[in-house]
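K.L.:
Before we start, here is the structure in question, set down as structure tokens.
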Amino acid sequence: MQPPRTSVFESWFRPIDPITLVLFRIAFGGLMCLDALHNLRHAEQFFPAWEFRPPPLPWEMLEGLPPVPAAPCLMAAAVAAALIAAGCRVRAASVVFGIAYAALYLWDPTQFNNHHYLIVMLAGWLAVVRPDQDASWEVWRRPARRLQPTPWWHLGIFLFHIALVYSFGAINKLNADWLQGEPLSIWLAVEQHWPIVGPWLVHPAAKYVFAYGGLVFDAVIVPLLLWRRTRGLALLGTLFFHLTNSVLFRIGPFPWLMLASNVLFLDRGATRRFVSSWWPAADGVAESATGGAVGAWQPVQPSRAVMVGLTTYALLHCVLPFRVYLYPGNPEWTEEAKNYSWRMMLSHKDVFVGILIVDLADGKTWEVDPRKYLTRRQLRGKGVWGNPRHLAFFARHLRREALARGFRDPFVKVDAVASLNGRPYQYLVDPRIDLSQAEQPFWRLPPWIVPLIPNQPIGDYSFLDPEIKRQRVLEVLARQHAELLSAAQVR
């Protein structure tokens, strides 16, 4: 007798062996605990007390609120992650970890990274699903819970998030700069000190190997991991890819997290047998060839609300990254809508910023030393300096400082000159306006962001020489000064 056919949505609720989800919980908790402890040892370096923090858009009303204390958040994250790994109060621990991690990395937009967003999302789903059905304190306390069914969607939502990262990683690499091997050429050149491989990294072909290899890898790795026949080769590919990224580009826990996510793709029956071979207590209920459990587990009753919620959630996360195309210009230049869009490691932006505040009432001036207000991370091209909106918020902050110093009518002039992926330097924001008074429209590009000049040559990183950078920045400033004088003479 043939089993009754089920719809795709109903198949989300078929009971499965939770072994791969359990292993991911252990790996995720352990990795995040180690990462938090590492950052705790260097809290002052990673999260120094900062004078200025732009508000997380679109909540501009939060501007001026103090930053969260780093050390307590890191300690809370470390303890919560350890509890997740141990399977102790996983839901509560996941909530605490997610809040602490979001407070550290998402509350301050200059700290934001799509990798951090992924970690917060995974922690959130660990609080929703039941990854403590085995190898956990909860099972040790109540052994009967070990044979409770886990619906497939508990695993599927994690597979979705990992697939999302890889898929949009490939889509976002389909841009002109990446296909020309930029900014990989500068990143590889920095690593030429490595023995044996160092000279090869600066070979003219190396940047194309890494660029197109990364594009193809992101595009095909998820299907290869899902298909049993290619899974072994795909696992070796992820090992090489992420270890290379970790060694060459030093991008924190992300490569290790993606390696840990490999367990989600493993065959659950084979994984259960392998774990049971060295840990007999892990012997569990076998799955049938169709994915359900044999005999002991009863099907989970499908829920229409869960189906609608999961579908809506998935569609939202599939559409949200495309919002970058609603704004004109290169998003790596304007920085518009890059958050939550999985645009990772696509640009190298070098920025020079000079700020002069003039009191229009009496001519008094103040040349700002940004190091008194910004952290080293915020001074980078990916922090306040390279983000036009962050610069405008910083100008507002300086206006308030100027008023406190006795300025009656402060005009905040910002000369922000930048180079994207080795292009010639140009202005990032309009130097003629008072940036502290600039409007901040949420649904459109601010008019004071200077468009990236099209058809410029890329890949010239000679500005890494401080003297060459100084000369080129001065040339841009001189041209702007000459244009202002010419306009004044015309008037």
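Take the position in the sequence shown, starting the count at 1, then add 178; the result is the number in the numbering used here. All C-beta atoms, glycine included, are put in the ideal place defined by N, C-alpha and C. None of these values were measured; they are calculated from a predicted model.
1. Could you pull out every residue in the same chain whose Cβ sits closer than 6 angstroms to the Cβ of F530, ignoring the five residues on either side in sequence?
2. Measure the C-alpha to C-alpha separation of A205 and P193 and round it to an integer number of angstroms.
3. What's the C-alpha gap between L655 and E369?
4. For the pair the region 267–277 and the region 408–419, tell me if three or more CB-CB distances fall below 8 angstroms.
5. Consult DSSP for Y390 and reduce its assignment to one of helix, strand or coil.
6. Check whether the region 518–536 touches the region 283–292, taking contact to mean three or more Cβ pairs, one atom from each stretch, closer than 8 angstroms.
7. Check whether the region 392–404 and the region 262–269 are in contact - that is, three or more C-beta pairs closer than 8 angstroms.
8. Under the three-state reduction of DSSP, which class applies to K385: helix, strand or coil?
9. For R601, which residues in the same chain have their Cβ closer than 6 angstroms to its Cβ, ignoring the five residues on either side in sequence?
10. Does any residue of chain C bring its CB to less than 8 angstroms from the CB of G430?
11. If you follow the beta strand (DSSP E) that L534 is in, where does it begin and where does it stop?
12. Assign E510 to one of two classes, buried (16 or more other C-beta atoms within 10 Å of its C-beta) or exposed (fewer than that).
13. So, for V246: in the same chain, excluding its five sequence neighbours on each side, which residues have a beta-carbon less than 8 angstroms away from its beta-carbon?
14. At the level of alpha carbons, what is the spacing between W378 and S363?
15. Please tell me whether W190 and P327 are closer than 8 angstroms, where the distance is taken between their beta carbons.
16. Any contact of the region 442–457 with the region 211–220, i.e. 3+ C-beta pairs under 8 angstroms?
17. Between I429 and the rest of its own chain, which residues show a CB-CB distance below 8 angstroms, the 5 nearest in sequence each way excluded?
18. Hey, quick one: how far does the alpha helix (DSSP H) through F500 stretch, first residue to last?
19. Please state the DSSP three-state secondary structure of P333.
20. Using a Cβ-Cβ cut-off of 6 angstroms (strictly less than) and excluding sequence neighbours within five positions of E513, which residues of its own chain qualify?
21. Please work out which residues of its chain come closer than 7 angstroms, Cβ to Cβ, to E188, disregarding the five sequence neighbours upstream and downstream, and give them in chain order.
22. Answer with buried or exposed for V562, where buried requires no fewer than 16 other C-beta atoms within 10 angstroms of its C-beta.
23. How many angstroms separate the CA atom of G584 from the CA atom of L576?
24. Name, in chain order, the residues that DSSP records as bridge partners for L598.
25. Compare the C-alpha of N508 against each of S597, D537, G447 and V484 and name the closest.
26. In the DSSP output, which residue or residues are listed as bridge partners for F427?
27. Is S439 buried or exposed, if buried means 16 or more other CB atoms sit within 10 Å of its CB?
28. With a threshold of 8 angstroms on Cβ separation, who are the neighbours of Y505 within its own chain once the five nearest residues in sequence on each side are excluded?
29. Using the C-alpha atoms, what's the distance from N350 back to A467?
30. Determine which residues share a DSSP beta bridge with P193 and list them.
31. Exposed or buried, which one is F500 when buried takes at least 16 other CB atoms within 10 Å?
P.N.:
The short version:
1. V595 and V651
2. Linking A205 to P193 through their CA atoms gives a straight-line distance of about 23 angstroms.
3. 33 angstroms
4. No, they do not touch.
5. helix
6. yes
7. Using a C-beta cut-off of 8 angstroms, the region 392–404 makes no contact with the region 262–269, since fewer than three inter-stretch Cβ pairs fall below that distance.
8. helix
9. Q634 and I636
10. Although the question refers to chain C, the structure presented lacks it and comprises just one protein chain.
11. Looking at the DSSP string, the run of the beta strand (DSSP E) that includes L534 is K527 to D537.
12. Classification of E510: buried, given that the 10 Å Cβ count is 16 or more.
13. Hits under 8 angstroms: A281, L282 and W285.
14. Roughly 12 angstroms separates the two Cα atoms.
15. Between W190 and P327, the gap from beta carbon to beta carbon reaches 8 angstroms or more.
16. Too few Cβ pairs lie closer than 8 angstroms, so no.
17. H293, N423 and M523
18. Neither: F500 is in no alpha helix (DSSP H) and is coded neither H nor E.
19. A small fix is needed here, since residue 333 is Leu in this sequence, not Pro. L333 falls in the helix class under three-state DSSP.
20. Same-chain partners within the cutoff: N565.
21. P480
22. Buried, by the Cβ-count rule.
23. 13 angstroms
24. K527
25. S597
26. Answer is none; F427 lacks a bridge partner.
27. buried
28. T512, E514, A515, R622 and L623
29. Its pLDDT being 40, under 50, A467 is placed unreliably in this model, and the value from its coordinates should be taken loosely. Each residue's Cα considered, the two are about 37 angstroms apart.
30. P329
31. The residue is exposed, with fewer than 16 neighbouring Cβ atoms inside 10 Å.
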